[in-house]
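Since the structure comes first, as structure tokens, the remarks are kept for the end.
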Amino acid sequence: MLTRLLPWFIILALLAEVLGTIGGFGSSVFFVPLASYYLDFQSVLGVTALFHLSSNITKISFFSKGFNRSLILNLGIPAVLFVSLGAFLSRYANPIYLSIALGIFLTLFSLVFIIKKGLQISPNRTNAISGGALSGILAGLLGTGGAIRGATMAAFKLPKEQFIATSAAIDLGIDFSRSIVYAYNGYIHKHDLYLIPILIVVSIAGTYIGKLILNKISQDQFRKFVLFLLLFIGVLTLLVHGLGIPIFPVHSG
Numbered sequence: 005m006l007t008r009l010l011p012w013f014i015i016l017a018l019l020a021e022v023l024g025t026i027g028g029f030g031s032s033v034f035f036v037p038l039a040s041y042y043l044d045f046q047s048v049l050g051v052t053a054l055f056h057l058s059s060n061i062t063k064i065s066f067f068s069k070g071f072n073r074s075l076i077l078n079l080g081i082p083a084v085l086f087v088s089l090g091a092f093l094s095r096y097a098n099p100i101y102l103s104i105a106l107g108i109f110l111t112l113f114s115l116v117f118i119i120k121k122g123l124q125i126s127p128n129r130t131n132a133i134s135g136g137a138l139s140g141i142l143a144g145l146l147g148t149g150g151a152i153r154g155a156t157m158a159a160f161k162l163p164k165e166q167f168i169a170t171s172a173a174i175d176l177g178i179d180f181s182r183s184i185v186y187a188y189n190g191y192i193h194k195h196d197l198y199l200i201p202i203l204i205v206v207s208i209a210g211t212y213i214g215k216l217i218l219n220k221i222s223q224d225q226f227r228k229f230v231l232f233l234l235l236f237i238g239v240l241t242l243l244v245h246g247l248g249i250p251i252f253p254v255h256s257g
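Plus 4 on top of the position in the sequence shown (first one is 1) and you've got the numbering used here.
Spelled out as structure tokens, the structure:
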């Protein structure tokens, strides 16, 4: 099925990587709904985790000057711990219901912060730990938790380079942990491995293009872009998983 549509798959994966880089919370929020049109859900989880390992290593190398050590500890450690739990529970959870819940949350969250421009989540340790745990368990269950992590990190108003580097460092730990569990669960299939070198090239190219775009926008524009991107992801998730509307080109025969 994927062979005929591989060019579309590559183009959309590249777009996901560019948007994920600019938004600062990774490509999986776009790549997971995209890949679910071409692969079964378990394969999506396995391929996404391997794709993200390369993607985050690339981001760390491109944005290596900006790490927030406090957030890496307070948000990253709970995320890494809970992603393993989510990965184990993925055998039993209904991804459709979870995706709909995620879509509703992201849509409402982003709308509130777009309308109430002065509103912000208190940037404290409790909120960082809670956001990390929630993003981790969703990453394990659905293959994507970066939007929740991005929503939490947005409250800390980090410089854009620091935002992206810190998010990538946390995501690297998440992807390494869940890759082990997904391999144990049998989600990483031999017939999908040919996609990995393709997606490695896509991750490098997409991160580079995203970095060039980021150099052209201000810090305020970056924060607005993150919120509108979260809104877009929420609506897209509801359209795809709630209403079953086919957004991407799929095989019809």
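C-beta: ideal position from N, C-alpha, C; glycine also.
Per the C-alpha coordinates, the member of P201, I14, K215 positioned closest to G28 is K215. Contact annotation: A151 and L243 have beta-carbon atoms that are not nearer than 9 Å.
Pairing F67 with Q166, the inter-Cα distance amounts to about 8 Å. For N131 and T156, the gap between their C-alpha atoms comes out near 7 Å. Between the C-alpha atoms of I14 and K228 there is a straight-line separation of about 28 Å. Here L110 is buried. Its C-beta has 16 or more other C-beta atoms within 10 Å. S139 carries a helical assignment under DSSP once its states are collapsed to helix, strand and coil.
DSSP places G28 outside any alpha helix (DSSP H), giving it a letter other than H or E.
Leaving aside the five residues that flank A39 on each side, the residues in its chain whose CB is nearer than 7 Å to its CB run, in chain order, V48, V51, T52. Under the three-state reduction of DSSP output, R95 falls in the coil class, being neither helix nor strand.
Annotated as proximal: T170 and F71, with beta-carbon spacing under 9 Å. Around the C-beta of L162, 16 or more other C-beta atoms lie within 10 Å, and the residue is accordingly described as buried. Taking a cut-off of 8 Å for Cβ pairs, the region 82-92 and the region 171-191 touch, as three or more such pairs fall below it. Scanning its chain for C-beta atoms nearer than 6 Å, with the 5 sequence neighbours on each side dropped, one finds around I237 the residues V33, L110, A151, in chain order. For the pair A173 and I26, the CB atoms are not nearer than the 9 Å cut-off. The residues E21, S58, S59, T62, in chain order, have a CB closer than 6 Å to that of S207 in the same chain once the five nearest residues on each side in sequence are set aside.
Taking the CA atoms as reference points, I133 sits about 11 Å from S74. It is roughly 12 Å from the alpha-carbon of A158 to the alpha-carbon of F113. A distance below 9 Å separates the beta carbons of A83 and G140. Spanning the alpha carbons of Q223 and R182 requires a straight line of approximately 32 Å.
When C-alpha distances from A137 are compared across S103, G80, L115, I104, the shortest belongs to G80. In this structure, L203 and F92 do not form a Cβ contact; the two beta carbons are roughly 25 Å apart against a cut-off of 8 Å.
V230 places its beta carbon less than 9 Å from that of G154. By the C-beta density criterion, L197 is exposed, having fewer than 16 other C-beta atoms within 10 angstroms. Ranked by how close their Cα comes to the Cα of I168, the residues G24, N128, A17, Y186 have G24 in first place.
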